[in-house]
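J.: First the structure, which I've put down as structure tokens, then a few questions once you've had a look.
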Amino acid sequence: MEQPSEGFPSAEEVWEACARLPGLHVLEVTPGNINDYSCGAFSLVERDLEAVLSAEHAHVALQLLRKVGVPEAFRVREELVNYKKVSLHLHHQGTALERRLTQLATFFRTSEWNSDKTFYVHTPARAELSQARTQCKGRCEASYDARLLGKFLCGLPRHPRTPPPAGLAGLPRSLRSAALCRAAALALSSSGATPEVMGAVGPQAQELEEPIPPAFRGWHQGFLDAVAALPWPGHMRELVRLVCVCRGADKALRIRDELLRAQEAARRAVAVAEAVLEAVSAFPAPEDLAEEGADLGEDGPACREEAVEDGTAADGSMLGAPRPPSAHAPPEAFVEANPKMTAMAEAVRLRKHFNLLTGCLPFLREVSLWL
Numbered sequence: 001m002e003q004p005s006e007g008f009p010s011a012e013e014v015w016e017a018c019a020r021l022p023g024l025h026v027l028e029v030t031p032g033n034i035n036d037y038s039c040g041a042f043s044l045v046e047r048d049l050e051a052v053l054s055a056e057h058a059h060v061a062l063q064l065l066r067k068v069g070v071p072e073a074f075r076v077r078e079e080l081v082n083y084k085k086v087s088l089h090l091h092h093q094g095t096a097l098e099r100r101l102t103q104l105a106t107f108f109r110t111s112e113w114n115s116d117k118t119f120y121v122h123t124p125a126r127a128e129l130s131q132a133r134t135q136c137k138g139r140c141e142a143s144y145d146a147r148l149l150g151k152f153l154c155g156l157p158r159h160p161r162t163p164p165p166a167g168l169a170g171l172p173r174s175l176r177s178a179a180l181c182r183a184a185a186l187a188l189s190s191s192g193a194t195p196e197v198m199g200a201v202g203p204q205a206q207e208l209e210e211p212i213p214p215a216f217r218g219w220h221q222g223f224l225d226a227v228a229a230l231p232w233p234g235h236m237r238e239l240v241r242l243v244c245v246c247r248g249a250d251k252a253l254r255i256r257d258e259l260l261r262a263q264e265a266a267r268r269a270v271a272v273a274e275a276v277l278e279a280v281s282a283f284p285a286p287e288d289l290a291e292e293g294a295d296l297g298e299d300g301p302a303c304r305e306e307a308v309e310d311g312t313a314a315d316g317s318m319l320g321a322p323r324p325p326s327a328h329a330p331p332e333a334f335v336e337a338n339p340k341m342t343a344m345a346e347a348v349r350l351r352k353h354f355n356l357l358t359g360c361l362p363f364l365r366e367v368s369l370w371l
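Here the sequence shown stands for residues 1 to 371, numbered as in the UniProt record's numbering.
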């Protein structure tokens with residue numbers, strides 16, 4: 001048993017004083033009963049420490065907690081709850097818009113056979129709706145990430161010994177927007193991009209595979225170090241730490257650390273999206289190739305016409321099963337694709353990723369700035 005130090009209450013006296021606090025005993029907190037404690041405000045920490053400690057010791061402890069940013073951490077947590085709710089509302093708006101665009105596109109599932117260019121050309125209305133829906137889908141992926149980050153952060157376990165959610169621990173790879181960036185970078189590398197182009201995209205895309213370094217976890221560790229440095233008996237330092245665990249201060253500080261990791265993950269995704277969009281912009285657009293495709297070769301292969309609602313085929317090529325127009329071209333013209341048709345397929349595939357990132361990037365920028 002630890003002997004009482006001069007000027008400090010003994011461990012037994014601290015235990016008895018804590019027993020008089022409302023609710024469960026703060027020195028008996030465990031991962032199993034942590035949710036039974038009242039929490040969520042710095043005033044609860046003040047109440048407990050002022051009730052158990054002398055006025056002088058309580059003042060020292062509370063000043064230390066203010067110095068390490070505990071009150072600010074509670075305010076950040078409160079704002080994060082509001083952010084989570086707003087993000088959910090915005091995500092629902094985006095998914096509703098995407099659904100309406102999908103429904104609207106069913107009235108424009110038409111393509112026109114161009115006898116001069118010997119391939120199908122989507123009508124302007126269908127092309128415009130396909131691009132709008134794909135961009136809206138990209139935006140919804142970013143808003144999903146924003147809402148999920150808020151949910152993960154607010155739902156961080158209250159006890160420090162409980163591991164964080166897998167999605168939070170796996171940042172930035174667990175972001176949907178990061179998956180869009182990786183897929184776009186892969187499509188870019190397989191489309192014949194020059195080493196110079198991939199040299200600008202590759203290193204940033206690699207960052208999406210690397211975990212956020214521990215250097216981004218400083219608020220919580222700073223709190224632990226400050227409490228450990230108090231020139232007090234061990235049972236007094238443990239009291240301060242456990243009061244912070246029970247009343248949510250420990251969790252609020254860990255939220256600030258995870259918030260920095262989330263910001264870094266969003267920043268990496270933004271950097272890759274910007275680099276990929278700039279690189280894809282240098283490739284010919286499908287409409288440009290269509291204008292140049294009046295002579296697609298001796299066989300005159302037609303562009304495959306069936307596509308899903310966002311303008312992409314199931315394999316991501318944006319070209320569906322071949323449907324030769326018997327009145328315009330012989331079936332054998334569709335058996336083999338010539339290089340120009342292959343170039344068209346690549347251009348359409350890149351345009352899909354371009355549209356997804358075009359919709360995703362603005363919202364993702366807002367997420368990184370807010371965090």
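All residues carry an ideal CB built from backbone N, CA and C; glycine is no exception.
Is A41 near L49, with beta carbons less than 7 Å apart?
T.: no
J.: From residue 396 to L356, what does the alpha carbon distance come to, in whole angstroms?
T.: The structure shown does not extend to residue 396, since the chain spans only 1 to 371, so no value can be given for it.
J.: Within 10 angstroms of the Cβ of Y83, are there 16 or more other Cβ atoms? Answer buried if so, exposed if not.
T.: buried
J.: Which word fits S190, buried or exposed, when buried means at least 16 other C-beta atoms lie within 10 angstroms of its C-beta?
T.: exposed
J.: Hey, could you find the ends of the alpha helix (DSSP H) D250 is sitting in?
T.: Boundaries of the alpha helix (DSSP H) harbouring D250: 249–281, taken from the DSSP string.
J.: Does DSSP put H25 in a helix, in a strand, or in coil?
T.: coil
J.: Per DSSP, H91 is paired with what?
T.: In DSSP, H91 forms no bridge with anything.
J.: If we ignore side chains and look at the alpha-carbon of each, how far apart do V68 and P203 end up?
T.: 36 Å
J.: Apart from the five residues on each side of it in sequence, which residues of its chain come closer than 6 Å, Cβ to Cβ, to A17?
T.: V52
J.: Alpha carbon to alpha carbon, what distance is there between R268 and Q232?
T.: Reading the sequence as shown, one finds Trp at residue 232 and not Gln. The straight-line gap from Cα to Cα measures roughly 43 Å.
J.: Quick check on the DSSP output: the alpha helix (DSSP H) that includes G150 runs from which residue to which?
T.: 124–154
J.: On the DSSP letters alone, give me the boundaries of the alpha helix (DSSP H) that residue 372 sits inside.
T.: For residue 372 there is no data in the structure shown, the boundaries of the chain being 1 and 371.
J.: Touch check for the stretch 250–264 and the stretch 149–167: three-plus C-beta pairs under 8 Å?
T.: yes
J.: For residue 455, is the classification buried or exposed, using 16 other Cβ atoms within 10 angstroms of its Cβ as the cut-off for buried?
T.: Since the first residue shown for the chain is 1 and the last is 371, residue 455 is missing from the structure and cannot be characterised.
J.: How is N33 classed by DSSP in three states: helix, strand or coil?
T.: It is coil, neither helix nor strand.
J.: So, is P9 buried or exposed, given that buried needs 16 or more other C-beta atoms within 10 angstroms?
T.: buried
J.: What separation, rounded to the nearest whole angstrom, lies between the Cα atoms of Y144 and R109?
T.: 29 Å
J.: Smallest Cα separation from M341: which of F363, A290, H353?
T.: A290
J.: Answer with buried or exposed for H91, where buried requires no fewer than 16 other C-beta atoms within 10 angstroms of its C-beta.
T.: buried
J.: Using a Cβ-Cβ cutoff of less than 6 Å, which residues in the same chain neighbour L171 once the five nearest sequence positions on both sides are dropped?
T.: Once the five neighbours on either side are set aside, the close Cβ partners of L171 are I212, R261, A265.
J.: Alpha carbon to alpha carbon, how far is A184 from T206? Give it in angstroms, no decimals.
T.: According to the sequence provided, residue 206 is Gln. The question's Thr does not apply to it. Looking at the two C-alpha atoms, the distance is approximately 13 Å.
J.: Using the Cβ count rule (16 or more neighbours within 10 Å means buried), how would you classify E98?
T.: buried
J.: Exposed or buried, what is T134 when buried is set at 16 or more other beta-carbons lying within 10 Å of its beta-carbon?
T.: buried
J.: Does W219 pass the burial test, meaning 16 or more other C-beta atoms within 10 Å, or should it be called exposed?
T.: W219 is buried by the Cβ-count criterion.
J.: Give me the Cα-Cα distance between L371 and A146, rounded to the nearest whole angstrom.
T.: 10 Å
J.: Cutting at 8 Å between CB atoms, please list the residues of its own chain near V367, excluding the five before and the five after it.
T.: A142, D145, A146, L149, A266
J.: Using alpha carbons as the reference points, say which of V29, L88, A226, T162 lies closest to R66.
T.: With distances taken between CA atoms, R66 lies nearest to A226 out of V29, L88, A226, T162.
J.: For C244 and V45, which I take to be in contact (beta-carbon distance under 8 Å), what is that distance rounded to the nearest angstrom?
T.: About 6 Å separates the two Cβ atoms, so the contact holds.
J.: I need the straight-line Cα distance from A178 to G138, nearest angstrom please.
T.: 11 Å
J.: Using DSSP with H/G/I as helix, E/B as strand and the rest coil, what is residue 423?
T.: Residue 423 falls outside the range modelled here, since the chain spans only 1 to 371, and no answer is possible.
J.: Whose C-alpha, out of C136, M198, T194, T123, is nearest the C-alpha of Q93?
T.: C136
J.: Do R158 and K85 come within 7 Å of each other at the CB atom, strictly closer than that value?
T.: Pairing K85 with R158 gives a Cβ-Cβ distance that is not under 7 Å.
J.: Measure the Cβ-Cβ separation of T242 and V14 and say whether it is below 7 Å.
T.: The amino acid at residue 242 is misidentified as Thr; the sequence shows Leu. No.
J.: Sorted by chain position, which residues of the same chain lie with C-beta nearer than 7 Å to C140's C-beta, five sequence neighbours on each side aside?
T.: H91, G94, T95, E98
J.: Tell me whether G248 is buried or exposed, calling it buried when 16 or more other Cβ atoms sit within 10 Å of its Cβ.
T.: buried
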